[in-house]
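J.: Below is a structure I'd like to ask you about.
Chains as they are written, first to last, in this note's numbering: chain A, 16 to 322; chain B, 16 to 322.
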């Protein structure tokens, strides 16, 4: 019998921190881990292809993330951004650090040469050595746009520029209909012993992955989700505003309900122990990822509940 | 009678420093200045279009140049370059500063949007306010390549990576045959009262401009050249190696001879007062651009000898 194979669907910061725990536990038990990472946040800016979730995962697992901001590179400088602003080059509201830009330059150059994002991500990971396989959900362009009052804007504009303060009517995953899972994604899902949903934003991190035809259909192993909501509030980010836009209650039960048809088990924090998700085994376990040991505890609980 | 119109053909550092003097003198006499700048050094690196000579002119006249290096931006940082090297992204031998990269990002984004280099240069100059009109010699791709032993390499690779140490057989201005003068170039030449050749490298700064069909033919005003060679040595750079490759003596007379059919007058340093250029008025005048006042003196001598 081979080693256990764990596949994790993940978004940005929450996903990256969860993956730290998955990697640590996988090392202990000799498991292999594949992360399927959201590409809905990806965006072109200043001619550069920026993949915030892939980079958050890669930098976090490669010890390159800024620990205070929890995005971008540590020891970062901001001279390019300052100069772009001096030229009046829009947009000026996006955090584009100097070190970070090198990643985007390598990626954009390879994209221009015709390489798929999955191959580019593998190339970037040669440097970061994340200790797991990091795959984009798709090699095709899938972009989350937000329908506001009278138009649709890129998710980054809504999230970063407007701080999610413009009421969102709905989210559109542009390109998802015709996108294919990236190279390696279906193979990983087919070989998986368990599929975990990281405690990422359900509306704009996990949903864009699930919107790619073929991914949900490839869930053969048991699926266990981890709630990103504790006591009715998002652990980080602005999931409330995303959930309210799609008419889902911001609660562990609400998000669990979204995923219910796919789930075998749903991990909620003990404060949400009363949450009910029809047809799903709700498992209370501490969900604050205060350090790697705490996160490992979550992963252990998730794997137990998959059995 | 309108103001005097001065057109200067220029390359990188030498051209930029000369233009400081031209601008200062033009302000005194109320003249208008247009620089036609070499694009032969231009190169794509890491997906960015880099125009070293245009940038040297723009940064120098806009007080953004590093005064010690005499290329690139002052207060520069090098984090992108360090990160590109950490990714193993080639080339690693080119000096790509963080602040400088912002210029290349703006330019490359505009090129991708279909803007001509002349319009892009005008846009960049809105920030730098050089006080003169800065035009690329061509909006088309004209690139200097160097034929060495068994192949041709981009001028930047020969110059920066190999420090001009690989014996050059000849220089090829790729694309020059079918290139057109950039928007504004012929108008400036047609309206000029005098055309000056800056003391730039004759082989790889001035020659690629002259190689563009239509430019030489538009010299209606008197042409005055300024020798980049003083006492048999290049004031800066590695012009000797370029001149020897094309079989021209590294001397004020040698370079003057190259330009002779176009010249009315040829400024040489007093140490080269004996230089003879058949058919050309050789004018000894101090050519060390030690400060702006010294350079203004050169410009005054050049304008006098055009009369």
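From the three backbone atoms N, C-alpha and C, an ideal C-beta is built for every residue, glycine too.
Taking Cβ positions only, does residue 114 of chain B come closer than 8 angstroms to chain A?
T.: By 1-based counting over the second chain, the position of residue 114 of chain B is 99. Answer yes: the Cβ-Cβ gap between residue 114 of chain B and chain A drops below 8 angstroms somewhere.
J.: Quick one: list the residues of chain B neighbouring residue 123 of chain A, beta-carbon separation under 7 angstroms, in chain order.
T.: Translated into positions along the first chain, residue 123 of chain A becomes position 108. Within chain B, the residues near residue 123 of chain A are 62.
J.: Please list the terminal residues of the continuous alpha helix (DSSP H) segment that includes residue 122 of chain A.
T.: By 1-based counting over the first chain, the position of residue 122 of chain A is 107. Note, residue 122 of chain A: alpha helix (DSSP H), 113 to 127.
J.: Going along the chain, which residues of the stretch 91 to 110 of chain B sit with their C-beta nearer than 7 angstroms to a C-beta in chain A?
T.: Answer set for the stretch 91 to 110 of chain B: 92, 94, 95, 98, 99, 101, 102 and 104.
J.: Kindly indicate which residue of A:129, A:115 and A:135 has the alpha-carbon position closest to the one of residue 122 of chain A.
T.: As a position in the first chain, residue 122 of chain A is number 107, starting the count at 1. Nearest of A:129, A:115 and A:135 to residue 122 of chain A, Cα basis: A:135.
J.: Can you give me the start and stop residues for the alpha helix (DSSP H) that residue 50 of chain A sits inside?
T.: In the first chain, residue 50 of chain A corresponds to position 35, counting from 1. From DSSP, residue 50 of chain A is part of no alpha helix (DSSP H) but of the beta strand (DSSP E) over 47 to 52.
J.: Could you tell me which whole beta strand (DSSP E) segments of length 3 or greater appear in the stretch 153 to 229 of chain B?
T.: Complete beta strand (DSSP E) runs here, min 3: 158 to 162, 167 to 169, 185 to 189 and 209 to 212.
J.: I need the DSSP call for residue 245 of chain A, collapsed to helix, strand or coil.
T.: Here the question's residue 245 of chain A lines up with position 230 in the first chain. In the structure shown, residue 245 of chain A sits in a strand (DSSP, three-state: E or B).
J.: Do you know offhand how far residue 227 of chain A's Cα is from residue 77 of chain B's?
T.: Reading the first chain from its first residue, position 212 is the one you call residue 227 of chain A. Reading the second chain from its first residue, position 62 is the one you call residue 77 of chain B. So the two alpha carbons sit approximately 50 angstroms from each other.
J.: Determine which residues share a DSSP beta bridge with residue 65 of chain B and list them.
T.: Residue 65 of chain B sits at position 50 when you count from the first residue of the second chain. Paired residue(s): B:58.
J.: Does the distance from the C-beta atom of residue 282 of chain B to that of residue 239 of chain B stay below 8 angstroms?
T.: On the second chain, position 267 is the one that residue 282 of chain B refers to. On the second chain, position 224 is the one that residue 239 of chain B refers to. Yes. Within cutoff.
J.: Taking only beta-carbon atoms, is residue 127 of chain A less than 8 angstroms away from chain B?
T.: The residue given as residue 127 of chain A occupies position 112 in the first chain. Yes, its Cβ sits closer than 8 angstroms to a Cβ of chain B.
J.: Could you pull the start and end residues of the alpha helix (DSSP H) that residue 138 of chain B belongs to?
T.: One-based indexing of the second chain puts residue 138 of chain B at position 123. First-last of the alpha helix (DSSP H) with residue 138 of chain B: 132 to 143.
J.: Which residues in chain A sit within 7 angstroms of residue 117 of chain B, going by Cβ to Cβ distance?
T.: Counting from 1 along the second chain, the entry for residue 117 of chain B is found at position 102. Here the neighbours are 95, 98, 99 and 102.
J.: Per the contact definition of three or more C-beta pairs closer than 8 angstroms, is the stretch 105 to 123 of chain B in contact with the stretch 44 to 58 of chain A?
T.: At 8 angstroms Cβ cutoff, the stretches do not touch.
J.: Tell me the DSSP secondary structure of residue 94 of chain B in three-state form.
T.: Sequence index remark: in the second chain, residue 94 of chain B carries index 79 (1-based). Of the three classes helix, strand and coil, the one that applies to residue 94 of chain B here is helix, per DSSP.
J.: Is there a Cβ from chain B that is less than 8 angstroms from the Cβ of residue 120 of chain A?
T.: For the purposes of this step, residue 120 of chain A is taken as the residue at position 105 of the first chain. At least one chain B Cβ lies under 8 angstroms of residue 120 of chain A.
J.: What would DSSP say about residue 24 of chain B, mapped onto helix, strand or coil?
T.: Counting from 1 along the second chain, the entry for residue 24 of chain B is found at position 9. It is a strand residue.
J.: Would you kindly work out how many angstroms separate the C-alpha atoms of residue 279 of chain A and residue 320 of chain A, rounded to a whole number?
T.: Counting from 1 along the first chain, the entry for residue 279 of chain A is found at position 264. Counting from 1 along the first chain, the entry for residue 320 of chain A is found at position 305. Rounded to whole angstroms, residue 279 of chain A to residue 320 of chain A spans 8 angstroms at the Cα level.
J.: Round the Cβ separation of residue 61 of chain B and residue 120 of chain A to the nearest angstrom and send it over; I've been treating them as touching at under 8 angstroms.
T.: By one-based count along the second chain, residue 61 of chain B stands at place 46. By one-based count along the first chain, residue 120 of chain A stands at place 105. Between residue 120 of chain A and residue 61 of chain B the Cβ distance is about 5 angstroms, and since that is below 8 angstroms, they are a contact.
J.: Excluding the 5 residues preceding and the 5 following residue 89 of chain B in the sequence, name in chain order all residues of the same chain whose CB lies nearer than 6 angstroms to its CB.
T.: As a working note, residue 89 of chain B is residue 74 in the second chain. Within the same chain, residue 89 of chain B has close Cβ partners 81.
J.: Going straight from the alpha carbon of residue 33 of chain A to that of residue 190 of chain B, what length do you get?
T.: Working through the first chain from its first residue, we reach residue 33 of chain A at position 18. Working through the second chain from its first residue, we reach residue 190 of chain B at position 175. Near 54 angstroms, if we compare the C-alpha coordinates of residue 190 of chain B and residue 33 of chain A.
J.: Just to confirm before moving on: does the CB-CB distance between residue 161 of chain A and residue 167 of chain A stay below 8 angstroms?
T.: Indexing the first chain from 1 puts residue 161 of chain A at position 146. Indexing the first chain from 1 puts residue 167 of chain A at position 152. Yes.
J.: Going by DSSP, what residue range makes up the alpha helix (DSSP H) through residue 311 of chain A?
T.: On the first chain, position 296 is the one that residue 311 of chain A refers to. Looking at the DSSP string, the run of the alpha helix (DSSP H) that includes residue 311 of chain A is 307 to 321.
J.: Listed in chain order, which residues of the stretch 136 to 163 of chain A have Cβ atoms closer than 9 angstroms to some Cβ of chain B?
T.: Going along the stretch 136 to 163 of chain A in chain order, one finds 138, 139, 141 and 142 with a Cβ nearer than 9 angstroms to chain B.
J.: Using the Cα positions of residue 243 of chain B and residue 300 of chain B, report the straight-line distance between them to the nearest angstrom.
T.: Within the second chain, residue 243 of chain B is the residue found at index 228, counting from 1. Within the second chain, residue 300 of chain B is the residue found at index 285, counting from 1. Using only the alpha carbons, I get a separation of about 13 angstroms.
J.: Could you tell me whether the Cβ atoms of residue 39 of chain A and residue 18 of chain A are closer together than 8 angstroms?
T.: Working through the first chain from its first residue, we reach residue 39 of chain A at position 24. Working through the first chain from its first residue, we reach residue 18 of chain A at position 3. Cβ atoms of residue 39 of chain A and residue 18 of chain A: not closer than 8 angstroms.
J.: Measure the CB-CB distance between residue 68 of chain B and residue 26 of chain B and report whether it falls below 8 angstroms.
T.: Translated into the one-based positions of the second chain, residue 68 of chain B becomes position 53. Translated into the one-based positions of the second chain, residue 26 of chain B becomes position 11. A contact, by the Cβ cut-off of 8 angstroms.
J.: Okay, do the stretch 208 to 223 of chain B and the stretch 252 to 261 of chain B touch, 3+ Cβ pairs below 8 angstroms being the bar?
T.: Yes, since at least three Cβ pairs between the stretch 208 to 223 of chain B and the stretch 252 to 261 of chain B fall closer than 8 angstroms, the two stretches touch.
J.: So the beta strand (DSSP E) residue 295 of chain B belongs to, where does it begin and stop?
T.: Taking the second chain and counting its residues from 1, one reaches residue 295 of chain B at position 280. That residue, residue 295 of chain B, is in no beta strand (DSSP E); it is neither H nor E in DSSP.
J.: For residue 271 of chain A, which of helix, strand or coil comes out of DSSP?
T.: Within the first chain, numbered from 1, the residue matching residue 271 of chain A stands at position 256. It is helical.
J.: Taking the straight line between their C-alpha atoms, what separation do you get for residue 291 of chain B and residue 41 of chain B?
T.: As a first step, residue 291 of chain B is located in the second chain; it is residue number 276 there, counting from the start. As a first step, residue 41 of chain B is located in the second chain; it is residue number 26 there, counting from the start. The alpha-carbon atoms of residue 291 of chain B and residue 41 of chain B are separated by roughly 30 angstroms.
J.: Just verifying my parser: in three-state terms, what is the DSSP assignment at residue 88 of chain B?
T.: Taking the first residue of the second chain as position 1, residue 88 of chain B is located at position 73. Note: residue 88 of chain B maps to strand in three-state DSSP.
J.: Tell me whether the beta-carbon of residue 35 of chain A lies closer than 8 angstroms to the beta-carbon of residue 310 of chain A.
T.: Indexing the first chain from 1 puts residue 35 of chain A at position 20. Indexing the first chain from 1 puts residue 310 of chain A at position 295. A contact, by the Cβ cut-off of 8 angstroms.
J.: Within 10 Å of its beta-carbon, does residue 272 of chain A have 16 or more other beta-carbons around it, so buried, or fewer, so exposed?
T.: Along the first chain, one-based indexing puts residue 272 of chain A at 257. Buried, since its Cβ has 16 or more Cβ neighbours within 10 Å.
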